[in-house]
Each structure stands twice: as C-alpha cells, then as structure tokens.
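Student:
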Amino acid sequence: MVPLSWYLIFSAALFAIGLFGVLARRNVIVMLMSIELMLNAVVVNLIAFWRYGDTMKMDGLAFALIVFAVAAAEAAVGLAIIISVYRRRKTVLADEINLLKW
Amino acid sequence: MIDLLTLILFIPSLGALLLLFLPREQEKLIKWSAFVISLVPLGLSIYLWTVFDATKNGFQFETTYVWYAAIHSSYHVGIDGLSLTMVMLTTLLMPLAILASFSIKDRIKSYMILFFFLETGLLGVFLSLDLLVFFVFYEIGLVPMFFIINQWGSEHGEREIWGGRKMSARAYASIKFMIYTMAASLGLLLAIQLIGVSAGTYDLKELFKVWPTLQTFNHITLAWQPDTIKAVAFWAFVIAFALKVPVWPFHTWLPDAHTEAPVAGSMILAGVLLKLGAYGFLRLVLPLFPAQSAHYAGWLGLMAILAIILGAFAAYGQNDFKRLVAYSSVNHMGFVVLGIAAAAAAIGTENATIALNGAVFQMFNHGLSAAGMFFLVGVIYERTHTRNLDEYGGLFPLMPVYGGILIFTAMGSLGLPGLSGFISEFLVVRGSWPIFTLYTALAMIGLLFTGAYVLKGIKQVLHGPLNEKWSGHISEINVREIIVITPLMILMLWLGLWPSSVLEVINRAVTMLF
Amino acid sequence: MTIETLIWLIPVPPLLAFFLIWLFTNRNKALSHSVAVGAALLSFIGSMAVFWQAVNHHELGKEPFQSAVNWLPVADGWFRVGVLVDPLSAVTLFFVAWTVLMIFIYSIGYHNFGQPKGEHDQPGLPPHGAKIADSHGHLHTVPSVEPMYSRFFAFIALFAFGMYLLVVSDNLLTMFMGWEVMGLCSYLLIGFWYAKPSARAAAIKAFMTTRVGDVFMLLGIVYLYSATGTLNFRAILYNQDVLNQLAGASSGFLGLSVAGAISLLLFVGTVGKSAQFPLHVWLPDAMEGPTPVSAMIHAATMVSAGVYAMIRMFPLHTAGWEGHGLTASMSVIAFIGVFTALFASIIAVSQNDIKRVLAYSTIAQLGYMVAALGMGAYVAAAFHLVTHAFFKALLFLGSGSVIHGMEHGVMHTEEHIDPQDMFNMGGLKDKMPFTFWTFLIGGLSLSGFVVVTAGFWSKDEILARAWGGEHLVIFSVLVLSALLTAFYTMRQISLTFLGKPRTTAAAHAQETPWTMTMPLVVLAFFSVTAGWSGISPHFPLLGGILPNWFHEFIRETLMKLPEPMETSYIPLIASIVVSLGGLSLGWLVYHNHPAGAPDPLKTSLGVFYRWMQNKFYFDEVYQFLFVRPSFWFSETFVFKWIDRTVIDGFLHSFAIASDFIGRFLRTRFDLPVINGFGDLVGESSKKFGKSMRVIQTGQVQQYMVAALIFVFGTLIFYLYSLP
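Written as structure tokens, this is what we have:
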C-alpha cells in the first residue's frame, strides 16, 4: 500500500501549484481554477487521513463532501461575479480590477 | 369614579393630549376645540362653586392618593374658600385667554397645548394640600410660560444688556423670567425638604398642626437654634413668593415678561401667575410660620408699600402702553402683600381678617382688571403694531366702542368705587390702617399715581387730536374681542356693586385660616 | 310702596338710563335724550315725593327714613349699607332734583337738538355749524347738532346717579362711591371734547387734583371706620358717646384728637372736590367742558357735594367744640374757607371769560360755606348751599345761553372772536331778554341784593354768625369778599348785557330756544324764593312774617339743636352796604364800556392786575413743584435709574459673573484640557490611518501575499514558541 506521506507530498504539491496560480496569474478565471486546485489538495488530504486513520468514523468523507459543495458554490458565485465584472470593465485581469483601494 | 377636583385639574392636560392628535393644518378646528375644552373646567368649577358649602370650616372635596410613599408625600387635593376663588379665576380666564389667542397664526397647536399644560400647573398649585406636590405644580407652570414668551412673544424689540450687547427682547424676558423664578425656588425647595424631613410628612393639614410648634428637627444636622432654622426657612419661602408676586425689589422680571409675552400670555401671567405668590403667602407662609410672620411683618409691609409707590411711579413714567399696564400689576399686587403683611402682624384680630379679605379679593379683582387691560392693549397692538403711547393719539373717534371698554376697564384698574377694585383696596387699607398706619398713609401716594398713569394711558391712546396716520387704518374692536372682555367687565361691575357674592366665601375662609 | 323702597329707587333710573344709552340707544339722538330726561324725571318725582313725606314727617331728625342691607362680610359681622333721608338729605334732594332735571332739559337745546349735522363736525370737537341754503339760495351758517349727543346724555345720567347715590347714602362708604362716580363723570365731561388738547389737559387736571383730596378722604374714612367700627352716619354722628370718645382720644399726630385728625382728613377731600385753596386750580380749567356740565357738576351738584359732605359730618368736625372759640380742625377749616373766599373773589374780578368768572365765583362761594362750617354755623352753611346751588346753576346756564347766542352771531357774521370773552359782548339785553332777566336775578342773588333774593338771606346768615361768634377777622374778610362779589357780578352783567354791542357778532346774537330758557325761568324762581324759607324771626320788620322753616327743619338733623341767631345790625348793614356798593361800583365802571378799550382795572391796578389775571401763577408753580418733578421722578429716577440700572444691574451682575465663570471654564479648562484630550485621540488615530492607507492597493493578489506572509509568520512564531 502506498504510504501516507506520498499522498501528503502529492497534495502539498497540488496546493503549492494552486497557490502559485492564485498569487501569480493575472487572469481571474485562472485564479479561480487555482483555488479549486487548492481545495482539491485539501480534499486529498482529508481522504488520505481518513483512509489511514479510523475508517469507521466518517468525518473525513463528510468534510470532503462539504468541501466539494463549497467549491461548487464558490465556483458558481465566483464565475458569476467574474462575468459581471467582465461585462462592466471588459477585463478579467486581477491587477486591473483594483477598485477596492483607499 | 374620579373626584371633582382631580377632574378639574387634569382635564386641561387631557385636552392637550387630545389636541396632539388633531392635524396641524386644521387651525380652525384646533382653536375651537381648545376653546371648547377650556370651557369644561370652567363649567366644573362653576358647579363646584354651587356645591361648595361656604358655611363649613376647613377643606372640602378632599381626596388622597398614594404618590410617593417612601418620603411620606401623597397626592392630596382639597379646597377652601381661598383656593376656590383662585380656581374660579383660573378657569374663567383660561377660555378668555384662548379666545383672545385666535389671532395667533404661528404654530397654533403647540401654543394651545402649552396653555393647557399651564392651566394644569396653575390649578395644581391652588388645589394641592401636599407641600411637595405643591412645589411640583408650582414649577411646572414655568415651563409652558417660558416657551409661550420665548416663541410667541412680541417679534420686534431688542433689549440692551451689559457691554452694549443686544438680544431680542422676548428671549431676554423669557430667560429672565425663568432663571429668576427658578433661582428663588431653590430656597423654597430646600426649605420644603427641611420641613418635610424634620416633620416626617409633607401633608399640609398635618404640618399646620405640627410644624408651627415643632422644636426638634429629626434628621437635620444644623447646629442652629430652632428659631433660627425656622427663620431661615421662613425667608426662603418669603423670597420665593415675594418674587412671584412680585414685590419691590424683586419685581423687574415682571415688566419685561408681561411686555414681551403674547396677549393671552400676559393675561394669564398677570391674571393668575402672580397670584401664585400671594397664594403661597396665604396658604403656606402665614399658617406655617405665624411667629416669624408676625416678627418680620414690618419688612414685608415695607416691601409692599415700595411696590405700591414705586410701581405706580414706574408705570407713570412709561411710554410703552403694555409696560405701563405691567407696572400697574406691581402697584396692585403691592396692596395684596400689604394686606397680607398687616394680617401677619396682627393675626387673629378683626383688622387682620379685614385686611386678608381685602388681599384675597384684590387678588381676584386684579385678575379681572389686569387681564382685561392686557387684552385691550393687545387689541390695539394688533391694529397698530406699536405699543408706543406717543404714536397713538385721538383714536376715540375711530374706535368708540373700544374706547368705552378701555375707559371702563381702566377705571376698574384705577379702583373706581362702583367697580370691584375699590372694595378690595378699601378693605386692605382699612385692615392695615390700625396696624401699619404710616405705611398705609404712604400707600396713598401710590393710589394717587394709579390715577395718574391710568389717565396718562387714556389720554395718549384715546384723547387728543387724531393722529391722521391711523384714520382709515384702524378697525373697530370685533365681536370675538368683545366676547372676551364682556365677562370681565360684567364681573367687575357686579362685584363692585354686590361684593358679598364672592367675599362671603373669602371671609369664611380667612376667618378659619387662623 | 314704602317710603324706604322709594328712596332706594331714586338713584336707579339714571343708572339704568346710562346703560340703556350706552348699550342700546346710542345711535338715536331723540331716544337717548328721552331716556335720560325720562330717568331724571322719574328720580325727580321720587325725590319730590320723598321730600314731601319728609317735610310732613314729625320729628324727622330723630326718626329719619332709613333702611339698610348686609353688604360686605367683615370678619364675624357685616358692613351694612343703606339709604337715609333726614332733613339735610331731604333738602339736598330737593335742590339736586330740580337742578338736575332743569339741566337735563337745558342740554337738549344746548347741544342743538333738531339742527342739521355739520359738514366738518367730528366726534371729539365742538360742532362747527352747518351751512344751509335759505329760500333765496343764500348759504347761512347755523349751529349744528353735537356729534356725540347720545354720549353726553349717557354721561350726565351716570353723573346724576352718582349725585343721588351720594345724597341718599346712610354711610360714608357708599357716599364716597357716589363721590367718585361723579369725579369720573366730571373727568369724562370736562374732557367731553377730548380732541381739544386743552380739554384733555383740563380733564386730567380735574381728576388728579380732586384725587389728591380723595386719597386723604379715603384715609379719613378708613380711620373713622377703624376708630368706631362703623361708617353709618347715624351710628357715629347721632351718638354722643362715640363723638366724645373720638374727641377725647389723641391721634398722636400734631396733638390732634382722633376726631380732629379724621375731620381734617375728610376735609381735604372736600378741599379737592369743592375746589378750595390750595386744590382750587382745577375748577377754572374745568370750564372747558360743555356749559350744562359746568352748571351741573361745577356749580350745583358735585362741588356742592364737597360741602354737603362737610355738613353731613358736621358733628364730627365740631366734636369737642364747646360752642365758643374754635377747635384745631375747625380753625383750619375756617381759615381755608375764608382765605378761599377772598382769594377767588380777587381773581374773579380780573377774568374776562364769562364762565371763568363764574368758576372763581363758585370757588369763593364754596369758601363761604366752608368758612361758615368752620365757625360752627351749621344751618347757615346748609342754607347757603341750597340757595347757591340754584342761583349758580342759573348763572351758568345763563352764561351758556349767552355763549350760545354769541356763537350764533359768530357763525352768522363769520367773525373770528372768542364768543366767551365778555369784552366781545355788550348790549345783549335786547337780543336775549329771557337770558338777561334771569341772569340778572341770578347775579343779584349771588351778590346778595337786598331782601328779595335768596343769596341775601343765606349770606346774611353767615355774616351774622361770624359776627355773633365774635370771629372778627373772618367777618371782615367775608365782608370784603362780598364786596368783590357784588362788584364782579355787576361787571359781568354790565359787560355782557348793558351798553352797546362791541362786536358785530354780539349785534347778531339771538335768543336761545325754549328748552334753554325754560330752565332759566324755573331756576330764577328758586333763586328768589328759596331764600324766603329761612328768614330769621329776629330780622327787623320782616322777621316772623314767614316762618323760619329752613332753620327749624334742618337743625333737627343734629342732636344738639342750634338756636337761630340774634340779629345784630352791624352785619346786616355791612351786608347791605357791600352788596349795593359793589353793584353800583361795577355798574359805574362798566355800564358803558366802549369796544376795544382795555379793562379800567388794568390801568388802575397795574402789576397786581397781571397777577390776578394769571391766577397768582398757581398753575405755573404747581407745574414746577409737582407735575414736572413727579414725571422726572417716575421716568428717570424710578424706571431708568432704580429699576433699569440698579436692580436690573444687580441682576445682570449675576449674569455677568456666570458668564465670566462659564467663559473661564470653557477657555481655560474645557477647551484646552478636556477637548484637547479628545481631539488628541482622534487626531492621532487619523494620522496613523493616513500613514497606513498606502498598503491598501486594491490588488487582491497583494492582499493574498500579505495574508500568506501573516499566516506563515504566525505559524513560525507558534512553532518556535512551543515549549
């Protein structure tokens, strides 16, 4: 059986990729996708810990499902916002959407 | 079932609440409902007058409700002949004042509401038989009056104050009235606390029995002699009431407040508010402090004759018609205090009773004549928009009916025999002559100059060559205004010819007072 | 109806008439005067009935008609008021009723009832006359009706009420009420033509001067009430115990007894009302009023009321008097009376206004009565009061008739002359016969023309009393005054009626209507016959032919009945000599006075004449001593200095102090310390925020980096700080 650490390394890598995407990419859609990536990294973690821990407890699975639900909701809302922003400003680049400053 | 006195006392306040729900734009509706509401207490007090048993001693229609049990103060109301006369006067003048206010154009609703609260305050003073409740009502009256003067007072006029600064006359007058009266009431409040705490009750009927002979003061840590404490409390009372009456030298708020107040405000100020002070002397000072009153009566008498003489002189020196009438109040109320002082000096004698009869009757009569005079000044002011005597002149041909009424009322104010003011002045002079012979003789100077200022007013307004600027611009007194003044004139004449209709009630009350 | 009820009702009709006219009939002239005259007539009938009953009542003095009701509750008892008719009031009622009724009727004519309205007439000024065209189309100016006709009748009705009330009162208080009501009417009627500044000033002067007396009188009433516990005339004056007690007790004032002090206080009231020196100044000015007013108020009734009050209180004034010598208060009274009689007669000699002469004459005659009372001559004073009321009312009405006739002439000729100046008249005898003959009777009566006139009998009685009481100074001064009286009376008659007209207006004067002449005739009748009721039985030749009814009747008012005077020839001769001498002297000097010539007295008396004509400058002196100082005292001293500066200044000083403390606390503590601290907190937060705001770039990724750094920082801190 694959040791737990592999899963963790995988998930950390996935998370790092996502984080990089969020911080470094200018396109908001890509940033959203990167967030999904980070969430998935978390889900991998949760599942892995469940599998290697007490399988009779369903907490890891439950959390994973909640994360999926949140991710789906977030994607829906996020994409809607992005579309709305795009319609108004004709751009999806994060550094051009800087209205929230002082 | 609510008792009669409480009903009379709070119907005006209920009326004020009712007015609150009327739409602001319906001025006619507001005026007429205010007038109708104000007739209710009048009707009730006329009923009270008929069922009042003048031959019985002491208070009647007494009612007590728990009010503030922790400090032994209760809502205790009741009347005797003294308060009945004053209640009658208040409830009579209020509808007339409201009718006189029909020409007010500005914020009529608030104005009427203030008047009703004022009426409750005034009636409360006359009806309450509890020292603390008395004080509460005594102070409540100030607030509506302050706003009435401050907001609806004469719009023009400035008063120069110190340092060459100027402020609007009505603001000056209202603030002076308010602060001066409040300041004097502080001592009154302290003295009331002293009495209430040391005697363990605020109930007047109890206090009449206990306080005059009380020698040990519980809970009072002053290291003074009992007599000193009582003397201090006495002067606290006297100053508060002397200021309200007012006697010289506490009188200077009066000409300002009376002059600047709106017509109805002056009517109530002169007609009723001044009586609070005299009523305080009669109801509280004399019964509670008989020894001190007798001891210091000479000082009170001196202040009274100074008010009589200097009030008359000051009135004579005016060019402002309304201020002339205002100073006449100082002069007339001086006679009230002279009677009270004489009675205080010789409590229990026949002279004292006569002097008190005169004083109380003078209170009533001054209520009639002063209210009438202020109203008539208001009538002419509404037509000419000036109060300066030099600017009138020969208006008699333009307004003959008004002229007749003015002369009649002015003669009532002058104390012409045949009108009620004479009877009361005669009784006061008769009562005080054996007690304060010199003061009474000196008061005649005041009486002489009463004639001088009244004639000066008539001369400048009605007589002499017509001031052409007014011809065609002045209309005769109208029916509403005649309706306001008629009851006052009828009463002045009736009580001048048949004074016993009121004096019998008064006489019984003051005989029993001591 | 009992006689008492009738007495109660006597004052009522005029009062009702006053209110009726004031409230209802004001617009209708005919109705107004009908109401007023009707009321006067009712009172007149009542008074005559009462008088008749009184005369036929046995021992009226001991059992007068009286009735009283409870009026003022006083402590445990009542102050009762009521009516009283004793001989004195009965006689007074008689002459009051007659004069009042006559004057009411006269007023109708005087105010030109029935004449057209004047075009330029306005209320408050005497009518100027109306222009009417006759059948040829010529315009004539004729007298026009008084614009305030109804008001006049309302006022005189009220006045009549006051007078009747005064006469029938049984106590000083209601008497004082009538007294003051008359004072008010006097004020209103003197100032009837109120638009004239002179009338306005005269009205105020009259009211204020009499008020000076009235306040003293009020004190006297109060003093009497305190001392005796009642004001009822009978209880005080018909009760020797009370009088003795009053005369015995000391008032502690100038050594006077209580009775003396009260007497003097009451006397000051009379001095004011009856225009005695030094309060006489108002009466001549009061001639500004319409003439019926002068006749009624300022001759027949109101000024007489002052003397009436003295006569009424006679037992009090003379309390402690032994019948010879004079008490302190009596001396004062006698002095004032005598001085006034002389002093006013002197002034009267120099006056040119027909009514002013009569005004001063009235003052002098009242002085006569006061002097008589001061000497204790009760009946004589009352007698002169009655006769004087008739002949002086007659003279005033006659002078009004003259003025009326002259005004007619003035309007006709449109001359600009004063129709009241006697030097503009002359020769009116033929133009106005009724007026002339009646005026002559009145004038002769005033000057005490021998035997036939009423004035002779009453004046003679006073002189006889002065002589008999051995008051030689009083006697001689009164005789001198009588001489002057006769002189100025004849001067007046001569200047007015005799000789030739001195102006064209006088030549065109016209007799007045019957409403004016009829009262003259009636009063002339009484001016003669009234004297016959009081002829002393000791009078040579004539004594005893007619009963000395007046004396017998009136003396019963008193407890101690005064005896009629033994006639002595000296006062009688003196009286005849001065009266005839004065009359003939006046006739000699003035009977043919030419137009435009100065008064012969002016040349002979020089400076003294100017003093006389200016009334010895009393008005000016009073103005300087009393009027102006009191105005200064009122306006400047009391109001501006005491009230505005001292008292208000004291009050303001509290305000200034509070203001100062408030300002100090605000500028030195509130603003720097408390506000400073608050501001510091706010300001520094603001500054900090400002400096920090640059990190808000709006770049979401930068925020995320910052968050990441923070998370890592926290993590690292957490890890390293683990134990």
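Chains as they are written, first to last, in this note's numbering: chain A, 1 to 102; chain B, 1001 to 1514; chain C, 2001 to 2723.
Just so you know, even glycine gets a beta-carbon here, dropped at the ideal spot from N, CA and C.
Owing to the predicted nature of the structure, the values given are computational and were not obtained by experimental measurement.
Return helix, strand or coil for Asn40/A, following the three-state DSSP convention.
Tutor: Residue numbering aside, residue 40/A sits at position 40 when the first sequence is read from its first letter. Asn40/A falls in the helix class under three-state DSSP.
Student: In terms of alpha-carbon separation, which member of Asn2026/C, Met2001/C and Val2037/C lies closest to Pro2013/C?
Tutor: Start at 1 with the first residue of the third sequence, and residue 2013/C comes out as number 13. Of Asn2026/C, Met2001/C and Val2037/C, the residue nearest in Cα terms is Val2037/C.
Student: Tell me the rounded alpha-carbon separation between Thr2503/C and Phe2439/C.
Tutor: Counting from one through the third sequence, the residue named residue 2503/C turns up at place 503. Counting from one through the third sequence, the residue named residue 2439/C turns up at place 439. Cα-Cα distance, rounded: 21 Å.
Student: Would you please state the rounded distance, in angstroms, between the beta carbons of Glu1158/B and Lys1166/B? I believe it to be under 8 Å.
Tutor: To locate residue 1158/B, count along the second sequence from 1; it is residue 158. To locate residue 1166/B, count along the second sequence from 1; it is residue 166. Rounded, the Cβ-Cβ distance is 5 Å, consistent with contact.
Student: Is it the case that the stretch 1038-1052 of chain B contacts the stretch 1486-1497 of chain B, given that we only count it when at least three CB pairs across the two stretches are under 8 Å?
Tutor: Touching, no, given that fewer than three Cβ pairs across the two stretches are closer than 8 Å.
Student: If you measure from the CB of Val1210/B, is any heavy atom of the ligand ATP nearer than 6 Å?
Tutor: Absence of the ligand ATP is noted for the structure shown, with no ligands found whatsoever.
Student: Report the start-end ranges of each beta strand (DSSP E) in the stretch 2124-2169 of chain C that is 3 residues or longer and not cut off at the edges.
Tutor: Fully enclosed beta strand (DSSP E) runs of 3 or longer: 2130-2133 and 2139-2142.
Student: Give, in chain order, every unbroken run of the alpha helix (DSSP H) that is at least 4 residues long and sits entirely within the stretch 2394-2462 of chain C.
Tutor: Listed in chain order, they are 2428-2431 and 2433-2446.
Student: Quick one: does Asn40/A have its CB under 7 Å from some CB of chain C?
Tutor: The residue you call residue 40/A lines up with position 40 of the first sequence. No, its Cβ sits nowhere closer than 7 Å to a Cβ of chain C.
Student: Check this for me: beta carbons of Ala2259/C and Ala2275/C, under 7 Å apart or not?
Tutor: The residue labelled residue 2259/C in the question sits at position 259 within the third sequence. The residue labelled residue 2275/C in the question sits at position 275 within the third sequence. The answer is no: Cβ separation not under 7 Å.
Student: Quick one: list the residues of chain C neighbouring Lys1459/B, beta-carbon separation under 7 Å, in chain order.
Tutor: For the purposes of this step, residue 1459/B is identified with residue 459 of the second sequence, where counting begins at 1. Those are Arg2200 and Ile2204, listed as they occur along chain C.
Student: So who's on the other strand from Arg2080/C, going by DSSP bridges?
Tutor: Translated into the one-based positions of the third sequence, residue 2080/C becomes position 80. DSSP lists Asn2070/C as partners of Arg2080/C.
Student: Does the beta carbon of Ile2132/C sit closer than 7 Å to a beta carbon anywhere in chain B?
Tutor: Sequence index remark: in the third sequence, residue 2132/C carries index 132 (1-based). Not an interface residue.
Student: Can you name the residues of chain C whose CB is closer than 7 Å to the CB of Ile1354/B?
Tutor: As a first step, residue 1354/B is located in the second sequence; it is residue number 354 there, counting from the start. What Ile1354/B touches in chain C: Val2074 and Ala2075.
Student: Can you tell me whether Thr2485/C is buried or exposed? The criterion is at least 16 other CB atoms within 10 Å of its CB, across all chains shown.
Tutor: Start at 1 with the first residue of the third sequence, and residue 2485/C comes out as number 485. With 16 or more Cβ atoms within 10 Å of its Cβ, Thr2485/C is classed as buried.
Student: Taking the alpha carbon of Thr1216/B as the point to measure from, which residue in Glu1206/B, Leu1194/B, Phe1208/B and Trp1235/B has its own alpha carbon closest?
Tutor: Position 216 of the second sequence, counted from the start, is the residue given in the question as residue 1216/B. Closest option to Thr1216/B, Cα to Cα, is Leu1194/B.
Student: State the start and end residues of the unbroken alpha helix (DSSP H) segment that holds Tyr2590/C.
Tutor: Here the question's residue 2590/C lines up with position 590 in the third sequence. Where Tyr2590/C is concerned, the enclosing alpha helix (DSSP H) stretches over Tyr2569 to Tyr2590.
Student: Quick one: complete alpha helix (DSSP H) runs, 4+ long, within the stretch 2240-2301 of chain C?
Tutor: With a minimum length of 4 residues, the continuous alpha helix (DSSP H) runs that stay inside the stretch 2240-2301 of chain C are 2240-2248, 2258-2273, 2282-2285 and 2291-2295.
Student: Tell me the DSSP bridge mates of Thr1063/B?
Tutor: Start at 1 with the first residue of the second sequence, and residue 1063/B comes out as number 63. Looking at the DSSP assignment, Thr1063/B forms a beta bridge with Val1077/B.
Student: Between Asp2619/C and Val2271/C, which are expected to be in contact by the criterion C-beta below 8 Å, what is the C-beta distance as a whole number of angstroms?
Tutor: Here residue 2619/C corresponds to residue number 619 of the third sequence, with the count starting at 1. Here residue 2271/C corresponds to residue number 271 of the third sequence, with the count starting at 1. Wrong, their Cβ atoms sit about 17 Å apart, outside the cutoff.
Student: Going by beta-carbon coordinates alone, are His1258/B and Leu1243/B separated by less than 7 Å?
Tutor: Here residue 1258/B is taken as the residue at index 258 of the second sequence, counted from 1. Here residue 1243/B is taken as the residue at index 243 of the second sequence, counted from 1. Not in contact: His1258/B and Leu1243/B (Cβ atoms no closer than 7 Å).
Student: Which partner residues of Val2085/C appear in the DSSP bridge assignment?
Tutor: Position 85 of the third sequence, counted from the start, is the residue given in the question as residue 2085/C. Looking at the DSSP assignment, Val2085/C forms a beta bridge with Phe2065/C.
Student: Which bits of chain A does Gly2713/C rub up against, with CB to CB less than 7 Å?
Tutor: Reading the third sequence from its first residue, position 713 is the one you call residue 2713/C. By Cβ distance, chain A contributes nothing, its closest Cβ being about 16 Å from Gly2713/C, past 7 Å.
Student: Three or more C-beta pairs closer than 8 Å, one from the stretch 1468-1480 of chain B and one from the stretch 2193-2203 of chain C: is that the case here?
Tutor: No: the two stretches stay apart, fewer than three of their Cβ pairs being nearer than 8 Å.
Student: Determine the direct distance from the alpha carbon of Met1086/B to that of Val1272/B, and round the result to whole angstroms.
Tutor: The residue labelled residue 1272/B in the question sits at position 272 within the second sequence. The residue labelled residue 1086/B in the question sits at position 86 within the second sequence. Between Val1272/B and Met1086/B, the C-alpha separation is close to 8 Å.
Student: For my contact list, Val2216/C and Asn2171/C are in at a C-beta cut-off of 8 Å; report their separation, rounded to the angstrom.
Tutor: Here residue 2216/C is taken as the residue at index 216 of the third sequence, counted from 1. Here residue 2171/C is taken as the residue at index 171 of the third sequence, counted from 1. What sits at residue 2216/C in the sequence shown is Phe, not Val. At roughly 19 Å, the Cβ-Cβ gap does not stay under 8 Å, so Phe2216/C and Asn2171/C are not in contact.
Student: Relative to the alpha-carbon of Leu2219/C, which residue among Val2577/C, Ile2190/C and Ile2262/C has its alpha-carbon at the smallest distance?
Tutor: By one-based count along the third sequence, residue 2219/C stands at place 219. Comparing Cα-Cα distances from Leu2219/C to each of Val2577/C, Ile2190/C and Ile2262/C, the minimum goes to Ile2262/C.
Student: Using CA atoms only, rank isn't needed, just tell me which of Val1077/B, Ala1441/B, Leu1122/B and Gly1124/B is closest to Gln1060/B.
Tutor: Residue numbering aside, residue 1060/B sits at position 60 when the second sequence is read from its first letter. Closest by alpha carbon: Val1077/B.
Student: Check the Cβ of Val22/A against every Cβ in chain C and list those closer than 8 Å, keeping chain order.
Tutor: Your numbering for residue 22/A matches position 22 in the first sequence. Those within 8 Å of Val22/A in chain C are Gln2701 and Met2704.
Student: Output yes or no for whether 7 Å exceeds the beta carbon distance between Leu1286/B and Ala1344/B.
Tutor: For this step, residue 1286/B is matched to residue 286 along the second sequence. For this step, residue 1344/B is matched to residue 344 along the second sequence. Going by C-beta atoms, Leu1286/B is nearer than 7 Å to Ala1344/B.
Student: Compare the C-beta of Ala69/A with all C-beta atoms of chain C and state if any pair is closer than 7 Å.
Tutor: By one-based count along the first sequence, residue 69/A stands at place 69. Taking Cβ atoms only, chain C never reaches closer than 7 Å to Ala69/A, which makes this a no.
Student: Considering only residues of the stretch 1311-1350 of chain B, which uninterrupted beta strand (DSSP E) runs meet the minimum length of 3 residues and lie entirely inside it, listed in chain order?
Tutor: Listed in chain order, there is nothing to give.
Student: By Cβ distance, which residues of its chain are closer than 6 Å to Gln2053/C, with the 5 residues on each side in sequence left out?
Tutor: Position 53 of the third sequence, counted from the start, is the residue given in the question as residue 2053/C. Result list for Gln2053/C: Ile2003, in chain order.
Student: Let me make sure I understand the geometry here. Which of Leu2264/C, Leu2520/C and Met2490/C has the alpha-carbon closest to that of Trp2098/C?
Tutor: Within the third sequence, residue 2098/C is the residue found at index 98, counting from 1. Comparing Cα positions, the closest option is Leu2520/C.
Student: Residues of the stretch 1274-1295 of chain B in Cβ contact with chain C at a cutoff of 8 Å, in chain order, please.
Tutor: If the cut-off is 8 Å between Cβ atoms, the stretch 1274-1295 of chain B has nothing near chain C.
Student: Residues of the stretch 1330-1357 of chain B in Cβ contact with chain C at a cutoff of 8 Å, in chain order, please.
Tutor: Here the close residues are Glu1350, Asn1351, Thr1353, Ile1354 and Asn1357.
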